[in-house]
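Data first, discussion second: the structure below is written as structure tokens.
In our numbering, the protein residues as written are 2 to 183.
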């Protein structure tokens with residue numbers, strides 16, 4: 002019983018850290034690296050998800066659609082299912098680590114989807130993810146659930162609540178007003 006408790010006391014936090022490092026790495030090198038190549042399976046992330054998020058102030062309608070329709074949300078869910086399949090066998094040898102990884106996978110899907118269906122919630126709870134989509138550089142702020150590895154690796158760039166964001170919001174409001182007036 003003590004060994005199992007130690008697995009969770011040590012393993013669960015390690016699972017959270019490993020998952021956050023994975024978010025950072027996959028987002029930077031797979032979703033943005035490979036994803037910027039139009040013919041890549043991962044191109045949905047850059048060309049559809051980022052485009053929708055920028056155009057609609059974080060809202061992405063793909064998250065409204067059922068998972069039975071092939072779109073960006075479905076592709077994300079399939080990739081997360083792959084991560085789940087990798088983590089599941091670890092329950093036999095490192096149950097705490099596996100629990101941390103599995104929790105992180107489901108937490109990622111929940112938070113990412115919620116942030117893109119309810120941008121106000123995302124702004125309050127995941128400002129670093131809003132920074133990723135709406136900030137000047139979309140090639141920073143790679144973590145979604147927690148900004149840990151962005152801070153550790155120096156890729157955290159603040160945008161929400163800055164003067165830059167205020168100026169961008171004012172410029173967008175002016176543009177919307179001009180379009181509405183014409």
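Positions of the beta carbon are idealized from the N, C-alpha and C atoms, including for glycine.
For residue 183, does the count of other Cβ atoms within 10 angstroms reach 16, so buried, or fall short, so exposed? exposed
Between the beta-carbon of residue 13 and the beta-carbon of residue 84, is there less than 8 angstroms? no
If you run the structure through DSSP and keep just helix, strand and coil, what is residue 41? coil
For residue 21, does the three-state DSSP call read helix, strand or coil? helix
Assuming residue 127 and residue 112 form a contact by the criterion Cβ under 8 angstroms, report the distance between their Cβ atoms to the nearest whole angstrom. 6 angstroms
Under 6 angstroms Cβ to Cβ from residue 141, same chain only, skipping five residues before and after it: list those, please. 156, 158
So what does DSSP say about residue 58, is it helix, strand or coil? coil
I'd like the span of the alpha helix (DSSP H) that includes residue 123, first residue to last. 120-126
Between the region 141-155 and the region 40-51, can you find at least three pairs of beta-carbon atoms closer than 8 angstroms? no
Residue 149 vs residue 21 beta-carbon contact at 8 angstroms: yes
Compute the Euclidean distance between the alpha carbons of residue 186 and residue 6, then round it to the nearest angstrom. Past the edges of the chain, shown from 2 to 183, lies residue 186, and the structure says nothing about it.
Own chain residues within Cβ distance below 6 angstroms of residue 64, not counting five before or after: 74, 114, 117, 118
Count the C-beta pairs between the region 24-34 and the region 129-146 that are closer than 8 angstroms, then say yes if the count reaches three, no if not. yes
Take residue 132 and list the residues in its own chain whose beta-carbon comes closer than 7 angstroms to its own, dropping the five residues that flank it on each side. 142, 158, 159, 160, 161
Residue 100: buried (16+ other C-beta within 10 angstroms of its C-beta) or exposed? buried
Burial state of residue 57, where buried means 16 or more other Cβ atoms lie within 10 Å: exposed
Give a yes or no on whether 8 angstroms exceeds the smallest Cβ distance from residue 54 to chain B. Considering every chain present, this structure includes no chain B. It has just one protein chain.
So, are the CB atoms of residue 165 and residue 124 less than 8 angstroms apart? no
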